[in-house]
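Counting in this note's numbering, the sequence shown runs from 1 upward without gaps.
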Amino acid sequence: MIEVELKAWIDDPVALEAALAARFRFAGDYRKEDVYYRLWPAAVRASSAGRGAETGQPPTRAPLEFRLRIENATAIVTAKEKRIDNGIEVNRETEFVVSDPAAFEAFARFLGATPFVRKVKVGRLYEVPTGEATDGSARVSRPTHLELSAVDRLGTFLEIERLIESDDPAAVADARSEIRSLLVGLGINPSKIEPRYYIDMLAALDRGEHVEPR
């Protein structure tokens, strides 16, 4: 499954929530508690060979990253192949439910994965039903999710997401157009789109750096 998503900083959450409630279907409140893990492929290869990290050399490949999310008492593991194009994420997702998150965390650490960022966001979910107009000029072909989220240590964001079956360029372009149309139709300037990943901004805060809102 391919996720096409943008997120934008919100200055007036109360006004935006009223606009969302007036136009879209309310789908529920949420609290999402995430732990992001990092696994270096070189460490995995050494472990599987039973040799350990004997050379002391840093790995030459990028680390593998995945997320354990607890939402409404359900634990979901997600890995994404990510890319960003003009502030809009296009991600290939692989995810599955685990019945015992503590056991999964122990298993991840056994493999050599280490947690590097924690994220908590709470908010309200709205949906654009299939076929419903967005801003009067575009119509969605699949359900689209809009999340008004307060992210701990960062601020308030609107996330707009569509899932599509493949990364066919035409399908991705259509999804990008639809979610941008929704953003503009809600009166949000595209300059508010945040191209950085949450985990990168949170990691910057952990390093003592300042994260400037848009």
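A virtual CB, placed ideally from N, CA and C, is assigned to each residue, including glycine. Note that the structure is a prediction, hence the values are computed from the model and not measured.
Distance CB(residue i)-CB(residue j) smaller than 7 angstroms
i, j, result
"residue 147", "residue 125", "yes"
"residue 121", "residue 97", "no"
"residue 158", "residue 22", "no"
"residue 202", "residue 80", "no"
"residue 153", "residue 205", "yes"
"residue 179", "residue 87", "no"
"residue 95", "residue 78", "yes"
"residue 83", "residue 32", "no"
"residue 127", "residue 25", "yes"
"residue 130", "residue 143", "yes"
"residue 99", "residue 123", "no"
"residue 175", "residue 164", "yes"
Local conformation of residue i per DSSP, three classes
i, result
"residue 185", "helix"
"residue 81", "strand"
"residue 29", "strand"
"residue 59", "Confidence at residue 59 is low in this model, with a pLDDT of 47, below 50, so its placement is unreliable and the value that follows should be read with caution. Coil, per DSSP."
"residue 197", "coil"
"residue 16", "helix"
"residue 24", "coil"
"residue 51", "With a pLDDT of only 39 at residue 51, under 50, the local geometry of the prediction cannot be trusted, and the value read off the model is given with reservation. Coil, per DSSP."
"residue 73", "coil"
"residue 99", "coil"
"residue 205", "helix"
Opposing strand residues paired with residue i [DSSP bridges]
i, result
"residue 114", "38"
"residue 86", "Its beta-bridge partners do not exist; DSSP assigns none."
"residue 10", "DSSP, once it has assigned bridges, lists no residue as partnering residue 10."
"residue 105", "In DSSP, residue 105 forms no bridge with anything."
"residue 5", "89, 161"
"residue 214", "Answer is none; residue 214 lacks a bridge partner."
"residue 67", "36, 78"
"residue 149", "123, 157"
"residue 130", "According to DSSP, which records beta bridges pairwise, residue 130 is partnered with nothing at all."
Min CB distance residue i to chain B below 7 angstroms
i, result
"residue 172", "Note that chain B does not occur in the displayed structure, where there is just one protein chain."
Meets three-Cβ-pair contact criterion under 8 angstroms: the region 34-43 and the region 111-124: yes
Alpha helix (DSSP H) segments (min. 4 residues) lying fully within the region 155-186: 169-185
Contact the region 166-174 vs the region 2-19: 3+ CB pairs below 8 angstroms: yes
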